[in-house]
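Shown next, in structure tokens, is the structure this report addresses.
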Amino acid sequence: MKILVVGRGGREHSIVKKLKENKQIQKIYVAPGNAGMEEDAECISIDEMNIEDLVSFVKEAAVDLTIVGPENSLNAGIANRFQTENLTIFAPTQEASWLEGSKSYAKDFMKKYAIPTASYGVFQDADEAKKHVAEMGAPIVIKADGLAAGKGVIVAMTEEEAYQAIDDMLICKAFDQAGSTIVIEAYLEGAEFSLMAFVHEDKVYPMMAARDYKRAYDNDEGPNTGGMGAFAPIPDLTKEAYQFSVEQILKKTAEGMMSEGRSFTGILYAGLILTKYGPKVIEFNTRFGDPETQVVLPLLKNDLVQVIQDVLEKKEPNLEWHEEACVGVVLASKGYPGTYKIGERVPKFDDKKDTYIIHAGTKKDNESLVSDSGRVLLVGGRAETLSEAARKVYAQLDQVELKNNFYYRSDIAK
Ligand code: AMP
Ligand code: GLY
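When the letters of the sequence shown are read in order and numbered with the numbering used here, they come out as residues 17 to 430.
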């Protein structure tokens with residue numbers, strides 16, 4: 017079997033590493049990948065948005081299965097294009113990926129199918145949006161409707177912050193077209209968790225829940241990022257809340273999407289918050305979460321290709337999980353998610369037992385690995401308990417010298 021993974025970040029490296037456990041796979045390609053993945057897969061220099069070249073490559077190389085990481089490719093219709101060519105791909109169509117591609121679409125969908133989420137309004141006019149904020153009061157949440165690399169959400173603790181966010185998005189076009197429509201949402205309180213599932217039409221096979229850390233600095237301070245770390249499983253998530261989320265959120269969503277003629281195939285990700293009234297949806301993603309994937313896939317006992325094949329054939333994949341815990345901590349460029357330098361020498365880590373290195377944004381400069389993005393790599397650890405897994409990760413991170421070029425949060429899973 018030959019497999020292509022589309023994408024270039026930590027999530028894709030994690031998928032590649034999981035695929036590598038299967039010794040029957042003849043070849044794993046990743047497009048475009050990054051330099052740090054080269055020892056695990058063959059990197060093909062085709063951009064994830066260049067769907068035509070991806071189609072040609074898959075035909076020429078006789079790739080049997082394509083797995084897609086990033087939302088941009090999904091929104092651009094990669095699955096539709098592959099299906100037209102009769103190429104096997106595990107990814108939602110453009111129509112189905114609207115659940116992530118438009119927050120107002122997702123909110124209207126949830127309202128229609130009575131899926132628990134925060135109350136909301138949709139605005140294009142700044143004055144009307146501000147009037148709504150004045151009526152609702154703070155805290156309140158302002159979201160760019162379209163894709164904004166995880167940065168289009170402002171949790172405003174004061175009305176002034178909310179007005180500023182509205183001006184930034186609707187007047188100053190901080191997120192271009194992605195922010196020309198905004199969703200304003202009631203503020204919800206509670207612990208957050210991420211729940212992903214393999215989905216095909218009305219069949220939903222949930223994974224283990226995980227928690228990610230979106231804020232840049234310790235104690236959840238600083239700006240929102242793409243994710244600074246994650247862990248799984250979640251000790252404070254009850255069986256009831258998990259089951260409720262599967263039945264009342266993921267399954268209802270899969271069924272609702274079928275009723276809408278947007279039948280879903282791929283990974284459905286619900287970002288959830290445990291309110292005192294039960295779990296509610298904060299966001300949907302239509303792909304593997306990053307960095308959740310980096311702590312969930314290592315705990316999956318099953319072979320990933322077998323799972324995907326079963327799911328596509330509507331066979332029960334019987335997911336099984338190691339009774340262990342995983343913690344992942346992201347090493348980011350100093351300044352991320354604001355401005356930062358790339359091209360800084362990436363520290364070398366010991367390949368110690370039970371820790372693993374996932375490359376998110378690295379490239380080669382002569383023979384050394386240097387940084388190539390805000391999130392550079394993730395150090396992951398697996399152990400019997402979360403605290404032991406965290407200890408292993410921090411033992412790795414503490415031994416490298418960061419020379420003021422990189423930073424990481426020191427409170428992941430603590
Ligand atoms: P998102 O990109 O939609 O996941 O939002 C980023 C982060 O903003 C979430 O992880 C939450 O911490 C926060 N957030 C989003 N929506 C809400 C809400 N309605 N109430 C409180 N916090 C929220
Ligand atoms: N960890 C959240 C995301 O993948 O968007």
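Cβ coordinates follow ideal geometry from the N, Cα and C atoms, glycine included.
The structure displayed is predicted, hence computed values, not measured ones.
ask   = Which residues bound the beta strand (DSSP E) around S387?
value = One-based indexing of the sequence shown puts residue 387 at position 371. S384 to S387 is the span of the beta strand (DSSP E), which, as asked, contains S387.
inquiry  = Please determine whether the Cβ atom of A134 lies at a distance below 7 Å from any heavy atom of the ligand AMP.
reply    = The count along the sequence shown starts at 1 and reaches residue 134 at position 118. A134: yes, Cβ under 7 Å from the ligand AMP.
task = Say whether the region 146–161 touches the region 119–137, bearing in mind that this needs 3 or more beta-carbon pairs closer than 8 Å, one atom from each stretch.
result = yes
request  = Kindly list the residues whose CB is nearer than 8 Å to the CB of I131, restricted to its own chain and excluding five residues on each side of it in sequence; keep chain order.
outcome  = Position 115 of the sequence shown, counted from the first residue, corresponds to residue 131. Closer than 8 Å at the Cβ level, and outside the excluded window around I131, lie F125, Q264, I265, K268, T269, G272 and V297.
Cα-Cα separation, Y293 to V169 = Along the sequence shown, one-based indexing puts residue 293 at 277. Along the sequence shown, one-based indexing puts residue 169 at 153. The straight-line gap from Cα to Cα measures roughly 23 Å.
inquiry  = Measuring straight from C-alpha to C-alpha, what distance separates T291 and E360?
reply    = Within the sequence shown, the letter at position 275 stands for residue 291. Within the sequence shown, the letter at position 344 stands for residue 360. Computed Cα separation, rounded: 42 Å.
query = Can you tell me the Cα-Cα spacing of E276 and Y129, whole angstroms?
reply = The sequence position of residue 276 within the sequence shown is 260, counting from 1. The sequence position of residue 129 within the sequence shown is 113, counting from 1. For E276 and Y129, the distance between alpha carbons rounds to 11 Å.
request  = Tell me, please, which residues DSSP counts as bridged to A226.
outcome  = Here residue 226 refers to the residue found at position 210 when the sequence shown is read from its first residue. Note: A226 sits in a beta bridge opposite S210.
ask   = Among A399, E332 and M185, which one has its Cα closest to the Cα of V215?
value = The sequence position of residue 215 within the sequence shown is 199, counting from 1. The residue with the shortest Cα to Cα distance from V215 is E332.
query = Which whole-angstrom value is the C-beta distance of T371 and V395, which I expect to be below 8 Å?
reply = Mapped onto the sequence shown, residue 371 falls at position 355. Mapped onto the sequence shown, residue 395 falls at position 379. Right, the Cβ-Cβ distance comes to about 6 Å (below 8 Å), so this counts as a contact.
task = Output the distance between the C-alpha atoms of E28 and R391, rounded to the nearest integer angstrom.
result = Indexing the sequence shown from 1 puts residue 28 at position 12. Indexing the sequence shown from 1 puts residue 391 at position 375. Computed Cα separation, rounded: 13 Å.
inquiry  = Cutting at 7 Å between CB atoms, please list the residues of its own chain near K36, excluding the five before and the five after it.
reply    = In the sequence shown, residue 36 corresponds to position 20, counting from 1. Counting only Cβ-Cβ distances below 7 Å, and skipping sequence neighbours, we find I44 and D56.
query = Just how far apart, CA to CA, sit F280 and N382?
reply = Residue numbering aside, residue 280 sits at position 264 when the sequence shown is read from its first letter. Residue numbering aside, residue 382 sits at position 366 when the sequence shown is read from its first letter. Approximately 44 Å between the Cα atoms of the pair.
key: Closest by C-alpha distance to D80, when choosing among S72, A92, N235 and L103   = For the purposes of this step, residue 80 is taken as residue 64 along the sequence shown, with counting starting at 1. Residue L103 is the option with its Cα nearest to D80.
request  = Name the one or two DSSP bridge partners that E201 has.
outcome  = Here residue 201 refers to the residue found at position 185 when the sequence shown is read from its first residue. Looking at the DSSP assignment, E201 forms a beta bridge with Y136 and V157.
ask   = Is the region 181–192 touching the region 101–118, taking contact as three or more C-beta pairs under 8 Å?
value = no
task = Report, in whole angstroms, the separation of the C-beta atoms of L70 and V22, which I expect to be a contact under 8 Å.
result = For the purposes of this step, residue 70 is taken as the residue at position 54 of the sequence shown. For the purposes of this step, residue 22 is taken as the residue at position 6 of the sequence shown. Right, the Cβ-Cβ distance comes to about 7 Å (below 8 Å), so this counts as a contact.
query = Taking the beta strand (DSSP E) that G344 falls in, what are its first and last residues?
reply = Numbered from 1 along the sequence shown, position 328 holds the residue referred to as residue 344. Counting along the chain, the beta strand (DSSP E) containing G344 begins and ends at A341 to S349.
ask   = First and last residue of the alpha helix (DSSP H) that includes R425?
value = Position 409 of the sequence shown, counting from 1, holds the residue named residue 425. From DSSP, R425 is part of no alpha helix (DSSP H); its letter is neither H nor E.
inquiry  = Quick check on G49: does DSSP put it in helix, strand or coil?
reply    = Working through the sequence shown from its first residue, we reach residue 49 at position 33. If DSSP states are grouped into helix, strand and coil, G49 belongs with coil.
Residue(s) in a DSSP beta bridge with R27 = Here residue 27 refers to the residue found at position 11 of the sequence shown. Partner(s): none; R27 has no beta bridge.
key: Inter-residue Cα distance where the pair is A107 and I94   = Counting from 1 along the sequence shown, the entry for residue 107 is found at position 91. Counting from 1 along the sequence shown, the entry for residue 94 is found at position 78. Each residue's alpha carbon lies about 8 Å from the other.
request  = Just tell me which of Q180, G243, A286 and T302 has its CA closest to the CA of Q92.
outcome  = Walking along the sequence shown from the start, residue 92 turns up at place 76. It is worth fixing the name first, because residue 92 is Ala in this sequence and not Gln. Among Q180, G243, A286 and T302, the Cα nearest to that of A92 is on T302.
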